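A short write-up of the structure that comes next.
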């Protein structure tokens, strides 16, 4: 480990609500897409390599870099160890695969696999996004007979949701702290130091995991397939990135 793990928080920051949300988010993420490396990418790499044994040795070496999760580890340390290992191994397998295909073939292969996994992992969330981003006036209205109790519950949910959105970032587990701006139906997120690059702790940017595993795959999932249009603009070789999300344009492709 060459990176300063203190950038992810110290003291109470390792145990605060954001740390717990990040840990639980990455646990859920790994349960959905974590096995794409050993079950899909590595078997393909073994098939195209002249020596499958060397592939296994290489994969075992990168897996051996995983830090053990201990009983008294904070949620922030658990998050870092799980997420950092995943990104480190993704970067490794992408680098190995790129040596056996043309650049176009490599990108089509790894992006298609990752996008399919993300789409499958999101499942019913994609239809929910579509409903949430319908043009004004097209969404179903609340029945006039809604009970007063339902209204009170609705207000409570809104208050709790507002508090969480104000104090807890839903994207922190993937990219870390981000600065959000909203203008004309567009959300712009500036990420000054993306945790995808720093969580592995090797002191360098994770270029392939960033460009193919994140940017290209997420754009493939959303752009043209949902009412969200997403544009990722990583500042490689810097650690920063800007993500623009536009509502209502995804289906237009």
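In the numbering used here, the protein residues as written are -2 to 250. Backbone N, C-alpha and C define an ideal beta-carbon position, used for all residues, glycine too. These numbers come from a predicted model, not from an experiment.
What's the call for residue i, buried or exposed, on a 16-neighbour Cβ count within 10 Å?
i	result
residue 100	exposed
residue 124	Note that residue 124 scores 48 on pLDDT, short of 50, meaning its location in the model is unreliable and no value can be drawn from it.
residue 79	buried
Tell me the DSSP secondary structure of residue i in three-state form.
i	result
residue 165	coil
residue 238	strand
residue 138	Caution is warranted here: a pLDDT of 42 is assigned to residue 138, below 50, making its placement in the model unreliable, and the coordinate value is therefore given only provisionally. DSSP places residue 138 in coil when its eight states are reduced to three.
residue 99	coil
residue 7	coil
residue 243	strand
residue 116	helix
residue 104	helix
residue 209	helix
Could you say which of the options lies nearest to residue i if we only look at CA atoms?
i	options	result
residue 105	68, 45 and 217	217
residue 85	230, 114, 201 and 241	201
residue 191	234, 165 and 182	234
residue 179	7, 83 and 187	187
residue 211	169, 111 and 166	111
residue 118	76, 215 and 11	215
For the alpha helix (DSSP H) that residue i lies in, which residues bound it at each end?
i	result
residue 88	72 to 94
residue 272	Residue 272 lies beyond the stretch modelled for the chain, which goes from -2 to 250, so this question has no answer here.
residue 215	214 to 219
residue 56	49 to 60
Output the boundary residues of the beta strand (DSSP E) element that contains residue i.
i	result
residue 178	176 to 180
residue 185	183 to 188
residue 34	Per DSSP, residue 34 belongs to no beta strand (DSSP E) and is neither H nor E.
Is the region 81 to 90 close to the region 194 to 206, with three or more CB pairs under 8 Å?
yes
Okay, do the region 51 to 64 and the region 105 to 119 touch, 3+ Cβ pairs below 8 Å being the bar?
no
Using a Cβ distance threshold of 8 Å, determine whether the region 23 to 30 contacts the region 56 to 73, with at least three qualifying pairs required.
no
Would the region 65 to 75 count as touching the region 170 to 184 if we require 3 or more Cβ pairs under 8 Å?
no
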